[in-house]
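In this note's numbering, each number is its position in the sequence shown, counted from 1, plus 9. Let me begin by presenting the structure, written as structure tokens, before commenting on it.
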Amino acid sequence: MDRLRLWIVYAALAFTLGMGAAAAQNLPGIGLVMTYNVNEGSDFLQVQSASSVGQFLIGVGQIVQIVQQVQGTNPPERMQAVARQILSIQPPLVSLEEFDQWYTGAFDPIRGACGPLTLQYDMLQSLMAALLPAEDIIRSR
């Protein structure tokens, strides 16, 4: 499993260095490269207009909307779909963008701090779990 995790991390790093731009593209000398923007599940439009911490905090109801928007995209199910695409194409290099971990917790406006946070979604962990049944296929490549 560690080799598979490293494979995903190296692929993500390769994208940040500008190695890929289009999904499943043959590149000379490299072969097939698959890039995929996983997307956080929100564009954060509800809080983009905040120009101060106060305005951001006033928009706590809007933050709830963002979390609900992400929940509506069902990140674990989306990661299963990404895994199916990776396995159907079986590229030697996969580059993935916008993997996130989503935590939720209560905000105390008097203290100006969050309470304990709970991990709601770990997209990389979900993708790795979806790819795990095919680990032997991936390692043999």
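From the three backbone atoms N, C-alpha and C, an ideal C-beta is built for every residue, glycine too.
query, result
"Contained beta strand (DSSP E) runs [length at least 3] in the region 86-110, N- to C-terminal order", "102-106"
"ILE119, buried or exposed, once every other Cβ within 10 Å from all chains shown has been counted against 16", "exposed"
"Endpoints, beta strand (DSSP E) assigned at ASP129", "Strictly speaking, residue 129 in this sequence is Gln, with Asp absent from that position. Per DSSP, GLN129 belongs to the beta strand (DSSP E) from 127-131."
"Other residues of its chain near TRP111: CB distance less than 7 Å, five sequence neighbours each side excluded", "VAL79, GLN129, TYR130"
"Buried/exposed call for ALA115, threshold 16 Cβ in 10 Å", "exposed"
"Assigned secondary structure, GLY81 (DSSP; H/G/I helix, E/B strand, else coil)", "helix"
"Cβ neighbour criterion (16 or more within 10 Å) applied to VAL73", "exposed"
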